[in-house]
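J.:
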DNA sequence: TTGAAAGCGATACCAA
DNA sequence: TTGGTATCGCTTTCAA
């Protein structure tokens, strides 16, 4: 194995010089730089990252903290898109990523602590936002740099948030439905623990009030069977003209339930949801959605964190990613 | 920050002793073990993994090599399930994982080389199998331990493969369709570059021949629109009673196309596919599938690799994961 | 069963 | 602009 010392010896310089060449230090002559670079190539030298980490005390990796939820959550296209964009930003800056794997909140906290204490990561990106989150608190208390993808909480000036304006997004989507002529809407949400769902409900209710739309919102009805029962109980075809879901996987289950009940979209009822992905694009039928641009959420989050980590003069700032509505076959103008 | 030396000093022992306690060395007295453990707890000592890596020259992380394909590939539930199960096995054994991020085969090879040369990983899991793969060759040539999830190639005794018997799986699925009374089937496949798709076609054709089933197989027709055109051209309702797809995302597009054409499943036509996941379970309607148990593929692959890495006496072996058919609403007995 | 000390391969400080 | 060298935190001989 070729080490820095080998290079130094062969090039007739000191280890420090070689190190400087690698870090692109500017106080080094063009001559020695060339010489050293050449030798490095000849020898096929590859720096040992571990050794570097030990002395710099920097891991050059960031931790990705996922929600403590079922495996299905991790298959949610929203996450894979965010994750992919984070990875590619990191890749560019020669950072690695490491993802949490815990399913209970207790395990998760411990996992994060272990990552911090063992110096395995330089910072975190939290892929959720939740009030009274012990992990949030731990990171703040221990001054570990991190950014949150999700809603701002506590108004802590030392924490960066990257989010959409979900109230607005939901307001726009509902307003769009209202514009199509809907006067009775059903709103389905997985739960109301996370901030994002609260906001989407808020936006929905605002339009309902403004435009005098009959409505009902239901939480925690998630599986295909549960939804089927709900649709039957609500006599869906008769009492509603549209259904809004907060999530693309929930929407998937809804469509499956409607298919089972032989309710046609958009003729018998119309549907729309949040978070665009192949799931919505290739649904039965393709769904009108709010695109929240997960790839931008991830990109900005990663860039912001890396900036904090690498630049002295980086300035804390939160970001709001704009959203847009994509119209597809699941909605259309209602005949009056 | 608490280091091993701090613990040693406080416990009045040497660093070596503390190190031995951590590694569960057996030549250490019960007394000192207890004493040291207690101090470690008191001080909240967490070993610095980086330092350990440097001296042991082991990274305790394994590299996951993904196909060089579009982002959609990474959203395929098959991958997320395999990945999740690999991660959880690694987590248990205190290994980390690192995933490749390259999209071109050239970049991918370089990424793998860099991982090897910088000692960033101890071994790899390849999440695909392909003939004449330069990465495969590189790993073999450089004696890097790895296991392949996918079909055995080259019959190399020094490489471990974990796979399903896809010929058999496809045979069984097609036989099942035949048993329902189907006598004309359409077979859709994304491509025939990877071994897995070749095998699935082979199994399909075998049954068609045995049971005298009219059939047609089509590659590279993937998007919703392409499929829609195909279905129209083939006059699908009239000429076929069933459609087999090789992949759950392809199946998703098929269902969307059928929905658009107002073709009902299973009344107008029946469908089935490979790889179970929420996509198939919550489809319109839920799909009959071959479960290839991605979680077991990942689990066995990870366990096999870790065994090689950790145990002296580990013995090379390839594994075949059994498959099974899950019957759902998309198929039923055909009335004759 | 324990301790002393020599590294592992980089970086970074202090001198020159 | 360069070199010498202590150092990061741990493991691992070798000796006691």
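Residue numbers (full-length UniProt numbering), protein chains in the order written: chain R, 1 to 336; chain P, 1 to 336.
All C-beta atoms, glycine included, are put in the ideal place defined by N, C-alpha and C.
1) Use the C-beta contact count for residue 114/R: other C-beta atoms within 10 angstroms, 16 or more gives buried, fewer gives exposed.
2) Does the beta-carbon of residue 195/R have 16 or more other beta-carbons within 10 angstroms, so that it is buried, or is it exposed?
3) Go ahead and pull the three-state DSSP assignment for residue 17/P.
4) Please state if the CB of residue 97/P and the CB of residue 75/R are separated by a distance shorter than 8 angstroms.
5) Using the beta-carbon count (16 or more within 10 Å), is residue 67/P buried or exposed?
6) Does any C-beta atom of chain P lie closer than 8 angstroms to the C-beta of residue 278/R?
7) Cα-Cα, which of 124/R, 5/R, 50/R and 242/R is closest to residue 307/R?
8) Is any beta-carbon of chain P found at less than 8 angstroms from that of residue 128/R?
9) Return the CA-CA distance between residue 175/R and residue 154/R, expressed in angstroms with no decimal places.
10) Please report the Cβ distance between residue 303/R and residue 89/R, rounded to the nearest whole angstrom; I am assuming they are in contact, meaning their Cβ atoms lie under 8 angstroms.
11) For residue 7/P, which of 34/P, 280/P and 333/P has the nearest alpha-carbon?
12) DSSP state of residue 112/R, grouped into three classes?
13) Below 8 angstroms, how does it come out for the region 238-251 of chain R and the region 275-282 of chain R: are there three or more Cβ pairs, yes or no?
14) Report the residue ranges of all beta strand (DSSP E) runs contained in full by the region 130-216 of chain R; include only those spanning at least 3 residues, in chain order.
15) Could you pull out every residue in the same chain whose Cβ sits closer than 6 angstroms to the Cβ of residue 357/P, ignoring the five residues on either side in sequence?
16) Please work out which residues of its chain come closer than 6 angstroms, Cβ to Cβ, to residue 161/R, disregarding the five sequence neighbours upstream and downstream, and give them in chain order.
17) Between residue 166/R and chain P, is the shortest Cβ-Cβ distance under 8 angstroms, so that the two count as touching?
18) On the criterion of 16 or more Cβ atoms from any shown chain inside 10 Å, does residue 333/P qualify as buried, or is it exposed?
19) For residue 322/R, is the classification buried or exposed, using 16 other Cβ atoms within 10 angstroms of its Cβ as the cut-off for buried?
20) For residue 36/P, write down the residues that DSSP places opposite it in a beta bridge.
21) Looking at the secondary structure, which residues open and close the alpha helix (DSSP H) in which residue 99/P lies?
22) Could one say the Cβ of residue 253/P lies closer than 8 angstroms to chain R's Cβ atoms, at least one of them?
23) Quick one: does residue 47/P have its CB under 8 angstroms from some CB of chain R?
24) Among 116/P, 205/P and 199/P, which one has its Cα closest to the Cα of residue 217/P?
25) Tell me whether the beta-carbon of residue 166/R lies closer than 8 angstroms to the beta-carbon of residue 199/R.
26) Just to confirm, are residue 237/R and residue 269/R a CB contact at a threshold of 8 angstroms?
27) Quick one: what does DSSP say residue 331/P is sitting in, helix, strand or coil?
28) So, helix, strand or coil for residue 296/R, using DSSP?
29) If the cut is a Cβ gap below 9 angstroms, which residues of chain P does residue 118/R touch?
30) At which residues does the alpha helix (DSSP H) containing residue 233/P begin and terminate?
31) Using a 10 Å radius around the Cβ and a threshold of 16 neighbouring Cβ atoms, would you call residue 44/R buried or exposed?
32) Give me the Cα-Cα distance between residue 267/P and residue 256/P, rounded to the nearest whole angstrom.
33) Give the DSSP bridge partners of residue 272/P, in chain order.
34) Comparing alpha-carbon positions, which option in 101/P, 309/P and 58/P lies nearest residue 93/R?
35) State the Cα-Cα distance for the pair residue 220/R and residue 120/R, rounded to the nearest angstrom.
36) Would you kindly work out how many angstroms separate the C-alpha atoms of residue 108/P and residue 135/P, rounded to a whole number?
T.: Reading from the atomic positions:
1) As a first step, residue 114/R is located in the first chain; it is residue number 114 there, counting from the start. Exposed.
2) Reading the first chain from its first residue, position 195 is the one you call residue 195/R. When all chains shown are included, residue 195/R counts as buried.
3) As a working note, residue 17/P is residue 17 in the second chain. Three-state DSSP puts residue 17/P in a helix.
4) The residue given as residue 75/R occupies position 75 in the first chain. The residue given as residue 97/P occupies position 97 in the second chain. No, the pair does not count as a contact, with Cβ atoms beyond the cut-off.
5) Translated into positions along the second chain, residue 67/P becomes position 67. Buried, by the Cβ-count rule.
6) The sequence position of residue 278/R within the first chain is 278, counting from 1. Interface residue, yes.
7) Residue 307/R sits at position 307 when you count from the first residue of the first chain. When each option's Cα is compared against that of residue 307/R, the closest is 124/R.
8) The count along the first chain starts at 1 and reaches residue 128/R at position 128. With 8 angstroms as the cut-off, residue 128/R does not count as an interface residue toward chain P.
9) Position 175 of the first chain, counting from 1, holds the residue named residue 175/R. Position 154 of the first chain, counting from 1, holds the residue named residue 154/R. One C-alpha to the other measures close to 30 angstroms.
10) Residue 303/R sits at position 303 when you count from the first residue of the first chain. Residue 89/R sits at position 89 when you count from the first residue of the first chain. Going by Cβ atoms, the distance from residue 303/R to residue 89/R rounds to 6 angstroms, so yes, they are a contact pair.
11) Within the second chain, numbered from 1, the residue matching residue 7/P stands at position 7. Comparing Cα-Cα distances from residue 7/P to each of 34/P, 280/P and 333/P, the minimum goes to 34/P.
12) In the first chain, residue 112/R corresponds to position 112, counting from 1. Residue state, collapsed to three classes: helix.
13) yes
14) 146-149, 160-164 and 184-189
15) It is not possible to answer for residue 357/P, since the shown part of chain P is limited to 1 through 336.
16) Here residue 161/R is taken as the residue at index 161 of the first chain, counted from 1. Taken in chain order, the residues that qualify are 148, 152 and 318.
17) By one-based count along the first chain, residue 166/R stands at place 166. No, residue 166/R lies away from the interface with chain P (no Cβ there is under 8 angstroms from its Cβ).
18) The residue you call residue 333/P lines up with position 333 of the second chain. With fewer than 16 other Cβ atoms within 10 Å, it is exposed.
19) Locating residue 322/R in the first chain gives position 322, where the first residue counts as 1. Burial call: exposed.
20) Residue mapping note: residue 36/P aligns to position 36 of the second chain, counting from 1. Among the bridge pairs identified by DSSP, residue 36/P is matched with none.
21) Within the second chain, the letter at position 99 stands for residue 99/P. Looking at the DSSP string, residue 99/P is not in any alpha helix (DSSP H); the run it does join, the beta strand (DSSP E), is 96-99.
22) In the second chain, residue 253/P corresponds to position 253, counting from 1. Yes, its Cβ sits closer than 8 angstroms to a Cβ of chain R.
23) Taking the first residue of the second chain as position 1, residue 47/P is located at position 47. Residue 47/P counts as touching chain R.
24) The residue given as residue 217/P occupies position 217 in the second chain. Measuring from the Cα of residue 217/P, the nearest candidate turns out to be 205/P.
25) Counting from 1 along the first chain, the entry for residue 166/R is found at position 166. Counting from 1 along the first chain, the entry for residue 199/R is found at position 199. Taking 8 angstroms as the Cβ cut-off, residue 166/R and residue 199/R qualify as a contacting pair.
26) Taking the first residue of the first chain as 1, we reach residue 237/R at position 237. Taking the first residue of the first chain as 1, we reach residue 269/R at position 269. Yes. Within cutoff.
27) Taking the second chain and counting its residues from 1, the one referred to as residue 331/P is at position 331. Residue 331/P falls in the coil class under three-state DSSP.
28) Taking the first chain and counting its residues from 1, the one referred to as residue 296/R is at position 296. Of the three classes helix, strand and coil, the one that applies to residue 296/R here is helix, per DSSP.
29) In the first chain, counting from the first residue as 1, residue 118/R sits at position 118. Result: 46, 47, 48, 49 and 50.
30) Along the second chain, read from residue 1 onward, the residue named residue 233/P stands at position 233. Element bounds for residue 233/P: 224-233.
31) Locating residue 44/R in the first chain gives position 44, where the first residue counts as 1. Burial call: exposed.
32) The residue labelled residue 267/P in the question sits at position 267 within the second chain. The residue labelled residue 256/P in the question sits at position 256 within the second chain. If I take the Cα positions, the gap works out to 16 angstroms.
33) The residue labelled residue 272/P in the question sits at position 272 within the second chain. Residue 272/P is bridged to 244/P and 288/P.
34) Walking along the first chain from the start, residue 93/R turns up at place 93. Put simply, of 101/P, 309/P and 58/P the residue whose alpha carbon is nearest the alpha carbon of residue 93/R is 101/P.
35) The sequence position of residue 220/R within the first chain is 220, counting from 1. The sequence position of residue 120/R within the first chain is 120, counting from 1. Annotation: residue 220/R to residue 120/R spans about 37 angstroms, alpha carbon to alpha carbon.
36) Residue 108/P sits at position 108 when you count from the first residue of the second chain. Residue 135/P sits at position 135 when you count from the first residue of the second chain. Cα to Cα, residue 108/P sits roughly 8 angstroms from residue 135/P.
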